[in-house]
Each structure stands twice: as structure tokens, then as C-alpha cells.
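Below is one structure; the comments refer to it alone.
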Ligand code: BLA
């Protein structure tokens with residue numbers, strides 16, 4: 208009985224919790240490790256408001272000596288809904304992973320992706336996997352039970368995830384949000400540490416490859432991000448499209464010239480358009496496909 212009451216109390220007391228606190232932590236830590244220079248978002252994004260007047264948008268955008276775009280979007284309609292889309296995209300001279308925190312929460316449910324997204328497919332590039340993730344596996348183990356695998360995820364999404372990814376779905380509660388905050392802090396500090404150690408590619412051809420890999424990532428997310436339908440509902444199709452291409456995944460129209468179908472021809476429809484399906488491979492992963500050492504357990508589709 209006490210357990211049930213406690214749970215009830217916890218699930219109701221979320222009003223004081225905000226993802227803005229997460230972003231504040233990341234900005235403060237980044238400022239003490241590097242120099243963040245503010246970038247001003249385009250005017251059309253100033254004072255973005257949801258059509259229904261209920262949700263407020265908070266955007267932040269910086270660059271740093273090793274970072275092309277450090278940006279965050281927080282959407283708050285407390286206590287009904289809170290969203291965080293926070294990413295740090297390195298400059299192409301570095302092959303650093305992309306910091307990715309995507310949290311969607313309502314009063315009852317929370318959907319979480321927290322990762323250091325690899326720039327290169329970790330199964331095709333074991334050198335890249337060893338370079339960045341081998342030493343970080345204890346981090347995933349620390350949260351594996353607290354933030355368990357969130358169930359079905361598509362093969363396509365999985366190819367952008369690393370062996371330390373936190374992919375989780377849970378009932379919103381104060382306790383779970385505290386765990387998520389702890390994980391966010393640990394993952395961000397781990398990323399900052401990698402950033403501090405990163406050295407510029409000596410070979411120009413590697414910079415070109417890093418740039419293409421980041422462009423492919425941005426192209427994927429700008430087209431297939433699961434948050435897009437909700438953004439459209441909140442601010443309308445045109446503004447949502449601009450927000451995605453000119454802010455969240457800025458670089459998609461400038462870092463490379465390849466199109467979505469050049470990178471992902473399997474999404475091509477007979478009339479030449481892009482299939483609206485989220486997945487065409489068809490394979491889903493019901494459980495974590497990597498073991499505690501980061502080795503692949505079940506075959507991953509490309
Ligand atoms: C659901 N968000 C999801 C899912 C994933 C992600 C894997 C489960 C559904 C699926 O497999 O497609 C997140 N997917 C990612 C990320 C990558 C990826 C980060 O491939 C990176 C490569 N989520 C947001 C934002 C909103 C949001 C900004 O990040 C809203 C504005 C909402 N995500 C959202 C919602 C769902 C979701 C509503 C559940 C509904 C659905 O699955 O369509």
C-alpha cells in the first residue's frame with residue numbers, strides 16, 4: 208500500500224522538474240572546459256509559440272573551437288508535456304561522436320534516447336568503436352538496469368546508435384527523472400572528456416569523410432526524426448520544416464550535396480519520392496543487441 212501511495216505521489220509531483228536544468232548543466236560544464244560563443248538563431252525562431260498557446264519553446268545555440276553546433280530545443284507545456292532535443296555536433300576536423308539527448312515526456316510516459324552517436328557505423332569500423340566506446344562500456348552498465356531497453360527500435364535507428372546508447376521508455380516519476388538527470392550528466396561529462404582529448408585530423412581526406420558522415424546523419428534526422436509530426440502540429444508545417452533544417456539539423460543543406468535518397472536509396476518510391484515509412488528494412492530490435500563488452504549479440508541490418 209505504502210509502495211502504491213509513494214508511486215502515486217511521485218508520478219504527480221513533476222511540476223518542478225524541467226529539462227532546462229539539464230541544458231543549464233551542460234552549458235555550465237562546457238563553459239568550464241571550452242569557449243562557447245553564442246550563435247543567434249534566425250529571427251523567425253524568436254518567440255516561437257505553439258499554435259494552441261500552451262507550449263513554450265526555449266532554444267540555445269553556440270559554437271566552440273572543436274564544435275560546429277551546440278544546440279538545444281526545449282519545449283515545455285508543463286505538466287502535460289516536456290521535450291528536450293539537445294545535440295552537440297563536432298567540427299569535421301574531428302571524428303568525435305555526436306552528443307545526443309532526445310527526451311519526450313508526458314505526465315505518464317517518458318521516451319528517451321541518450322547517446323554519443325557514432326560518426327561511423329561501429330560494426331563496420333571496429334577501430335572507431337574501440338577508439339571511443341571500449342572505455343565507456345562501464346557507463347552503459349551503470350544505467351542498464353535503471354533505464355532498461357525501451358522495446359522495439361528499428362534497424363535504421365540502431366545503425367546511428369552506439370553500444371552505450373540509453374534507449375528507454377518508462378512511466379514518468381520523480382525518481383526516474385532523477386536517474387535520467389544523473390545519466391545525462393555522466394554521458395555529457397564523458398563526451399566533454401572525449402572532446403578535450405580530441406586532436407584535429409592531420410589528413411585532409413579524413414576531414415572530408417567526417418564531414419560526409421555528419422551530413423549523412425543530419426540528412427537522416429532531418430527527414431525521419433520521430434519528433435517531426437509533433438512539431439508540425441505545434442507550430443505548423445512550414446515553421447517546423449525550417450526549424451528542423453535551419454536549426455536542429457542545420458548543416459543538412461550546406462555540409463554536403465547528396466540527397467536523402469543518395470544516402471538511403473532503399474526509401475525510394477516508384478514515382479521518385481521518399482517513402483514516408485519510418486523503416487524499410489523491417490527488422491526491429493526488442494532487446495539490446497550488444498553485450499556488456501559492446502560486442503554484437505544479434506546481427507544488425509544496414
Ligand atoms: C519516439 N524517438 C522515438 C523513438 C526513437 C526516437 C528511436 C521510437 C520510435 C522509433 O523507433 O522511431 C529517437 N530515433 C531517435 C533518435 C534517433 C533516431 C534520437 O533514429 C537518432 C538517430 N522526440 C524528439 C522530439 C520530439 C519527440 C524533439 O526528439 C517532439 C517534438 C517525440 N519521439 C517523440 C514521440 C515519439 C518518439 C512523440 C513516440 C511516437 C512515435 O514513435 O512516433
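In our numbering, the protein residues as written are 208 to 509.
Glycine residues also receive a C-beta, built at the ideal position from the N, C-alpha and C atoms.
What you are looking at is a predicted structure, and each value in this text was computed from that prediction instead of being measured.
Exercise. Is residue 492 helix, strand or coil by DSSP?
Worked result: Correct three-state label for residue 492: strand.
For this session: Grab me the residues of residue 453's own chain with a C-beta within less than 7 Å of its C-beta, minus the 5 sequence neighbours each way, in chain order.
Result: A distance below 7 Å between beta-carbons, with the five flanking residues on each side excluded, links residue 453 to the following residues of its chain, in chain order: 249.
Exercise. DSSP puts residue 263 in a beta bridge; with which residues?
Worked result: Under DSSP, residue 263 shares a beta bridge with 256, 283.
For this session: May I ask whether a heavy atom of the ligand BLA can be found less than 7 Å away from the beta carbon of residue 324?
Result: yes
Exercise. Relative to the C-alpha of residue 313, which residue among 376, 476, 435 is closest?
Worked result: Restricting attention to 376, 476, 435, the CA atom closest to the CA of residue 313 is found in 376.
Exercise. What's the gap between the Cα of residue 366 and the Cα of residue 398?
Worked result: 19 Å
Exercise. Using CA coordinates, which residue listed in 293, 351, 480, 259 is at the minimum distance from residue 434?
Worked result: 293
Problem set entry | Among 390, 300, 456, 476, the one whose alpha carbon lies nearest that of residue 352 | Closest in C-alpha terms to residue 352, from the list 390, 300, 456, 476, comes 390.
Problem set entry | Secondary structure of residue 242, DSSP reduced to three states | coil
Exercise. Rounded to a whole number of angstroms, what is the C-alpha to C-alpha distance between residue 393 and residue 310?
Worked result: 16 Å
Exercise. Cα separation between residue 509 and residue 456?
Worked result: In this prediction, residue 509 scores a pLDDT of 39, lower than 50, which makes its location untrustworthy; no coordinate-derived value is stated.
Exercise. Would you call the CB atoms of residue 491 and residue 360 closer than 8 Å?
Worked result: Contact: yes.
Problem set entry | Pair within 8 Å by beta-carbon distance, residue 487 and residue 474 | yes
Problem set entry | Identified DSSP bridge partners for residue 308 | 293, 321
Problem set entry | Per-residue burial, residue 417 [other beta carbons within 10 Å of its own, 16 or more giving buried] | buried
Exercise. Near residue 223, which residues of its chain fall below 6 Å by C-beta distance, leaving aside the five closest residues on each side in sequence?
Worked result: No residues qualify anywhere along the chain.
For this session: Kindly indicate which three-state DSSP category residue 386 falls into: helix, strand or coil?
Result: helix
Exercise. To which residues of the same chain is residue 538 closer than 6 Å at the C-beta, ignoring the five residues directly before and after it?
Worked result: Residue coverage of the chain in this structure runs from 208 to 509, which leaves residue 538 outside it and unanswerable.
Exercise. Nearest to residue 227 by alpha carbon, out of 462, 273, 308?
Worked result: 308
Problem set entry | Limits of the beta strand (DSSP E) - the one that residue 374 falls within | 373-378
Exercise. How would you label residue 299, buried or exposed, when you count the other beta carbons within 10 angstroms and need 16 or more for buried?
Worked result: buried
Exercise. Between the region 253-260 and the region 438-447, do three or more beta carbon pairs fall short of 8 Å?
Worked result: yes
For this session: Apply the 10 Å Cβ neighbour rule to residue 304 and answer buried if 16 or more other Cβ atoms are within range, or exposed otherwise.
Result: If you draw a 10 Å sphere on the C-beta of residue 304, you find 16 or more other C-beta atoms in it, and that means buried.
For this session: Would you give the residue range spanned by the alpha helix (DSSP H) that residue 339 belongs to?
Result: 333-339
Exercise. If residue 357 and residue 318 are in contact, beta carbons under 8 Å, what's the gap, nearest whole angstrom?
Worked result: 7 Å
Exercise. With a Cβ-Cβ cutoff of 8 Å, do residue 244 and residue 271 count as a contact?
Worked result: yes
Problem set entry | Cβ shell of residue 237 (< 6 Å), same chain only, five flanking positions each side left out | Result list for residue 237: 243, in chain order.
For this session: Could you say if the region 405-424 and the region 329-347 meet the contact criterion of at least three C-beta pairs nearer than 8 Å?
Result: no
Exercise. Which residue spans inside the region 418-499 form an unbroken alpha helix (DSSP H) run of at least 4?
Worked result: 435-442, 444-450, 467-470
Exercise. From residue 316 to residue 409, what does the alpha carbon distance come to, in whole angstroms?
Worked result: 46 Å
Problem set entry | residue 163 to residue 478 span [Cα, whole Å] | For the chain, the structure presents residues 208 to 509; residue 163 sits outside this window and is missing.
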